[in-house]
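The structure appears below as structure tokens.
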Amino acid sequence: MAYLQERGQGIGTNSHAVKYLNQDYEALRRNCFESGRLFQDETFPALASSLGFKELGPKTAYLSLLPPDPPAFYLHPKRTQCDSADVW
16 MAYLQERGQG IGTNSHAVKY LNQDYEALRR NCFESGRLFQ DETFPALASS LGFKELGPKT
76 AYLSLLPPDP PAFYLHPKRT QCDSADVW
């Protein structure tokens, strides 16, 4: 019920975001811009332990990232762009 009240007041929307661990996005952004450095979150470091690697590690040991397939306008081999509409 409190959640619905907060949503009704706009809390949790882009214009009235809820701060996570008291992190203020605008202040962090301004600080990074002024210092010329990329943001590094001290409260959620980019480490395997942050992602639960200890629990997921054995299950993901054999996974690797693959490049995406090249984009295709049509997947059907006999169709062409001209088949879809009058292009003139």
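Residues in the sequence shown are numbered from 16 upward in steps of one, following my numbering. Even for Gly, the Cβ is constructed at its ideal location relative to N, Cα and C. It should be emphasised that the depicted structure is a prediction, and the values quoted were computed from it without experimental measurement.
Problem - Contact set for Thr58: own chain, Cβ-Cβ below 6 Å, skip 5 residues either direction - result: Within the sequence shown, residue 58 is the residue found at index 43, counting from 1. Here the set comprises Leu36.
Practice task
If I'm right that Phe54 touches Leu43 with Cβ under 8 Å, what's the distance once you round it to whole angstroms?
Solution key: Numbered from 1 along the sequence shown, position 39 holds the residue referred to as residue 54. Numbered from 1 along the sequence shown, position 28 holds the residue referred to as residue 43. Between Leu43 and Phe54 the Cβ distance is about 6 Å, and since that is below 8 Å, they are a contact.
Handout entry: For Thr28: DSSP bridge partner residues
Key = The count along the sequence shown starts at 1 and reaches residue 28 at position 13. DSSP output for Thr28 lists His31 as bridge partner(s).
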